[in-house]
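Counting from 676, one number per residue, gives the positions in the sequence shown under the numbering used here. All remarks here apply to the structure that follows.
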Amino acid sequence: MAMDLAVVSARGATRWQHAHPWIFKSDVVRFPSAPAGAVRVEDPRGRPIGTALWSPASEISLRMVDRDTPAELDQPWWHDRLARAIARRDDIRRHSSACRLIHGEGDALPSLVCDRYDRWLVVQLMSAGLDTFQDQIVAALVQLTGCDGILARNDAAARAREELPRETTLLHGDVPREIEVHEHGVKYLAAPWTGQKTGAFLDQRENRHRIGQLARGRALDCFAYHGSFALHLAANADTVVAVDSSGAALERARQNAERNARANITFVEADAFDDLRARDRAGERFDTIVVDPPAFAKNRPSLPAAIRGYHEINLRALRLLAPGGIMFTASCSYHLTKPLFLEMIEGAAADSGRRIALRELRTQPADHPELLTIPESGYLKGAILEAMD
Ligand code: SAH
């Protein structure tokens, strides 16, 4: 059966010519009559521009996936597309047993996320169009990875905007509650069923390794979660203080420390803003600091308040840096753009009155490709700073 047709405006077609796959409802001139699935797409002059995943309820009506118009998106099509993305990650497996195999738009597979944790996969199918191809995707993933199980963490809020159910379901084999991950010589437990994102923060893997290499003396990890930064710091620092407001997160961090036989980490359940201020008042100083807060800006209206939050936490941390100290600071808020992130650190440095050097700008790792033509594929910014005196 031939695919149904969508016609898009000149503006929609141009967007795709510029390598951005989203076509919004306002740029669709003729909607497909078929339910969610794959459709062929034409510009207003009747020229075919490719194939898209069609989401009837979404503001993003069409997600372009191919410049050609195959008869259908069949099993070999998905196999080929997934295989290309997975092959890009071969080198990461040498040092880490967990990595992102599919980063949605960044891997030309809009609205699909797939993370590998050792022998298991966790997927997120975040659009109605994509959801109709669940069976093909699962079959291709099993074939390509030989995994023991696939869990769908389809509980993300984005599913509601697509009028899809929010649920966590097993799609293949079995997936344990906890999976031991090996990352640059550090071991930690991922929680695929219940943890944040798909069970761990894989996007900071290379940044954790980097700051771990630079760590020394007294170290501080703010917003420690399961302690994955703290564990890397603990390898080279004398002592590490790991601060998080969640007792449950710290309990897991404690278990991870035991797993790595690290006895030099202290866990502190506290609000990081209060804790840093108290330490500054007490005259404490640290040689290595990590500030990796949750996304303060969840949407555009919350951006000004978020910037104040980032500024405040970075300022407090910079005050605690010993002379010559090194700090890694990050933001995973998509709305805080790279220029705004840099401006925020510059402001915090100025307010600290310290001479602070920018040593490295950091970004997403290769398994989370950020496409220059798709701003939405990038969200993680980081910087390594040094207190010059
Ligand atoms: N650095 C972590 C990820 C941090 S996730 C890693 O790479 O694994 C954000 C963490 O911040 C969560 O564990 C949450 O409990 C904690 N958190 C949120 N608000 C906080 C606050 N005001 N003070 C301290 N911790 C906070």
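Yeah, the Cβ is synthetic: ideal placement off N, Cα and C, and Gly gets one too.
Taking all protein chains shown into account, decide if residue i is buried (16 or more other Cβ within 10 angstroms of its Cβ) or exposed.
i, result
"residue 813", "buried"
"residue 858", "buried"
"residue 727", "buried"
"residue 1004", "buried"
"residue 968", "buried"
"residue 704", "exposed"
"residue 771", "buried"
"residue 693", "exposed"
"residue 734", "exposed"
My understanding is that residue i touches residue j, with C-beta atoms under 8 Å, so please give their C-beta distance in whole angstroms.
i, j, result
"residue 855", "residue 862", "6 Å"
"residue 729", "residue 751", "Their Cβ separation, rounded to whole angstroms, is 21 Å, which puts residue 729 and residue 751 out of contact at 8 Å."
"residue 685", "residue 719", "6 Å"
"residue 1034", "residue 1064", "At roughly 15 Å, the Cβ-Cβ gap does not stay under 8 Å, so residue 1034 and residue 1064 are not in contact."
"residue 946", "residue 920", "5 Å"
"residue 961", "residue 910", "Not quite, the Cβ-Cβ distance comes to about 16 Å (not below 8 Å), so this is no contact."
"residue 972", "residue 1008", "4 Å"
For residue i, which residues of its own chain have a beta-carbon under 7 Å away from its beta-carbon, when the five flanking residues on both sides are left out?
i, result
"residue 942", "917, 925, 928, 929"
"residue 990", "1023, 1026, 1027"
"residue 950", "918, 943"
"residue 1048", "693, 694, 695"
"residue 884", "859, 907"
"residue 808", "748, 753"
Within a Cβ cutoff of 8 Å, which residues of the same chain sit near residue i, ignoring the five residues on either side of it in sequence?
i, result
"residue 768", "774"
"residue 844", "826, 827, 829"
"residue 645", "Nothing can be reported for residue 645, as the shown portion of the chain is limited to 676 through 1064."
Cutting at 6 Å between CB atoms, please list the residues of its own chain near residue i, excluding the five before and the five after it.
i, result
"residue 1001", "889, 963, 1061"
"residue 678", "713, 714, 715"
"residue 838", "732"
"residue 873", "790, 797, 828"
"residue 1057", "882, 1005, 1037"
"residue 778", "1043, 1044"
"residue 748", "713"
"residue 875", "865"
List the residues that DSSP assigns as beta-bridge partners of residue i.
i, result
"residue 699", "735"
"residue 1064", "DSSP, once it has assigned bridges, lists no residue as partnering residue 1064."
"residue 1027", "In DSSP, residue 1027 forms no bridge with anything."
"residue 942", "917"
"residue 795", "792, 824"
"residue 848", "824"
"residue 729", "712, 737"
"residue 773", "792"
"residue 723", "717"
"residue 1057", "1005, 1037"
"residue 863", "856"
"residue 931", "Looking at the DSSP assignment, residue 931 forms no beta bridge with any residue, so it has no partner."
Would the C-beta of residue i count as close to ligand 2, meaning under 6 Å from any of its heavy atoms?
i, result
"residue 895", "With respect to ligand 2, the structure offers nothing, as its ligand set consists of ligand 1."
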